[in-house]
Every structure is written in structure tokens, then in C-alpha cells.
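In mature numbering (1 follows the signal peptide of the UniProt record, and there is no 0), the protein residues as written are -16 to -1, 1 to 296.
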Amino acid sequence: MALCCLLLDACVVTDGGKVIVFLATQDSVDFQQALFSSILGVMLEDTDRRVDFVKLHGDMTQHDRAEVFRKFRDASAGVLFTTDVASRGLDVPQVDLIVQCCVPLRPEDYVHRAGRTARIGAKGRVVILLFPSEVGFLDVLADHKIKVDKMELKELLCKVYALKQQILEARTDPGQKLKTMEDFVTTLQLIFENEVYAEQELLAMAKKGFLSHVRSYASYPRAMREVVSFRALHLGHLAKAYCLRETPSTLGAQWASEPPKGATGGHGHRDARAKTDEEIRELVGRQSPKVKISEYDSGLVASKKKKKSKNS
């Protein structure tokens, strides 16, 4: 729900604007754009704010990409979900926020992504969302003289929590009381999960996005695998980020019956390391089904865990 809260803050709490969200794979882009369009798009209609949720990746035709670019460029407020295909050469004015939901393949790719905001002297923010197993990437950025500050999630949640009635009343029981931020985050997570499981097509997209995200770890150069360790990744938390209720072992069994498709490999590239892909598949199958998954307990509020960082 961290991404959801960031988008609510950018589109509702502040004056609105444009946000670019970088994701690991084309399948992830397809899923997240469909999900946020069907939920936040409807929620924001009741706030008198028009926000377009669009997507851009390499499998789209040139005509479709040009149309998406035009729509996003001309919009007063919008969210663009994309792979690294948009990290270079995309000149969009007034992009207020860049959200990186995956560690880039190389440190210089972080810079290229960040360069989509604060253009021509304008102000902008860059946020990178990290799992605990990925915080080593901050040391890599520091080695490249890139200063990254920790983001206080509680402050962000407080701002979004003030909107609880405004954005949730249409999708919750009128008698339901959201007394705490934990109630709010839990309810928001359930809204997203219920939406996914109510639509078979969206559920299939969620599973496909999750599995392609897992495969994307095979795309990292060897030097980066030391700081972005797949073996240390909590697959349950990753599955929760895709609003999935199945255990990783169950999803891994489904993966075993469906050979990986190279066209939707990590970071928009084809999977080129079959041996690594098989290793990842095996590790997914080993995940314990008894692990209790909680987005709220996974570091969303607790300040001790370095879940996200921001570079101003």
C-alpha cells in the first residue's frame, strides 16, 4: 500500500500533478495500471480531481506509445506506469514525482529515471521503494555520490489518513469505523485485494505480474546481485504487493506448470539466464506456506525498517 499512499498524497493531498512510476516488467506495468485505474480512478472521481492512469512499455505499438505520451503530456494531472523504456528521452513538463518500485539494473539507470522530474529548473521528488533485502542499494548510490534521505512513512500515512472517509466511504460498510491508521491501511489493502479477486482477468494479471517480477531478478548484472539478493527477498511481501492471497509456494507450483516467456522478462528485457531462472523457480517453491503476511507489519509504519527512501 506504500505506492497507493504515495499516489494519494500526490494526486489528492497536494495540488495534483504528474507522477511517473517505474516498475520491473511489462506485466507489472499492465497489472498496476489496470488496478489503480479501476480503484483510485473511481475514488478520485468523488474528489473533483481528474487523474489519468496510463501505461507505457516496449510491447506497445509506436502509435499507442505516441498516443499515451501525448495524453500524459497534455494532462494537468496523471500517473504513468512504465518500464525503463521511459527512463531516457521522455521529455514531459511538470513531472512532480518519480516513484521507483524496483531497483534499477545499474546506478546510472537510477539517475536517468530521476531525470524525468525537476526539468528546466523545476522542483521535483524522487522516491525509491525498497524491500529490507534491497537496502544495500543505498550504499551503491552513496558510492556514486548520490544522497538519499530516509522517508518517514508515518508522516505520509498521517496525511493520507485524513482522507479516510473521503476516499473509502463508497467502498466500505457505512457503519465501519476506521479508528487507527492500521485500520485504514488494512481496509485499503482489502479493497485492492477484493477488486483483484472479483475480476478473473485482473487476478490473472496480478499473478503474471508477480511471477515476472520474480524472474526480473535474473536480469541483474552479477555485481548488482550482491546488493539485490533474491535469496533474501521476502516473497510473501512481494506477493502482497500484487494483492495476492496465495502463498509463494502455491504461486511457484503454478509457475512450474507454465514455462517462462522471455518477452516479458525483467526490466522490460528478455530473460537470458535460464539457469538462474530455474534457481529462482526452485526458491519460490521452497517458500514456507506458514509465513503470516501482513503489509502493516512488514515495515509500512515501523521506523526501524528502511523500507523506502527519498532523494529530493
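Ideal placement from N, C-alpha and C gives every residue a C-beta, glycine not left out.
Short of 8 Å in beta carbon distance, which residues of its chain neighbour residue i, apart from the five on each side in sequence? Order them along the chain.
i	result
Lys55	Asp36, Val38, Gly62
Phe176	Met(-16), Cys(-13), Leu19, Ile23, Cys227
Gly25	Val35, Phe37
Please classify residue i as buried or exposed, where buried requires at least 16 neighbouring CB atoms within 10 angstroms.
i	result
Ala8	buried
Gln184	exposed
Arg100	buried
Lys138	exposed
Val47	It should be pointed out that residue 47 corresponds to His in this sequence rather than to Val. Classification of His47: exposed, given that the 10 Å Cβ count is below 16.
Arg254	Residue confidence is low: Arg254 scores 39 on pLDDT, short of 50, so the model does not pin down where it sits. Its coordinate-derived value is still stated next. Arg254 should be labelled exposed.
Leu113	buried
Given this structure, state the Cα-to-Cα distance separating residue i from residue j, to the nearest angstrom.
i	j	result
Thr28	Ser60	The residue you asked about is not Thr; residue 28 is Leu in the sequence shown. When rounded, the distance between both Cα atoms is 14 Å.
Ser233	Gly220	9 Å
Gly108	Thr67	20 Å
Cys86	Arg209	13 Å
Is residue i helix, strand or coil by DSSP?
i	result
Asp75	coil
Ala70	helix
Arg199	helix
Ile130	coil
Val38	strand
Phe115	coil
Gly108	coil
Asp93	helix
Lys163	coil
Using a threshold of 9 Å, state whether the C-beta atoms of residue i and residue j are closer than that.
i	j	result
Phe53	Phe20	no
Ile23	Glu166	no
Gln84	Val110	yes
Leu(-10)	Val5	yes
Leu162	Ala18	no
Leu217	Phe121	no
Pro91	Val119	no
Ser200	Ser117	no
Excluding sequence positions up to five away, which residues of its chain have a Cβ less than 6 Å from the Cβ of residue i?
i	result
Gly193	Asp11, Ser12, Phe15, Tyr226
Pro88	Tyr94
Leaving aside the five residues before and after residue i along the sequence, list all residues of the same chain whose C-beta is less than 7 Å from its C-beta, in chain order.
i	result
Val69	Leu40, His41, Gly42, Gly252
His96	Ser71, Arg72
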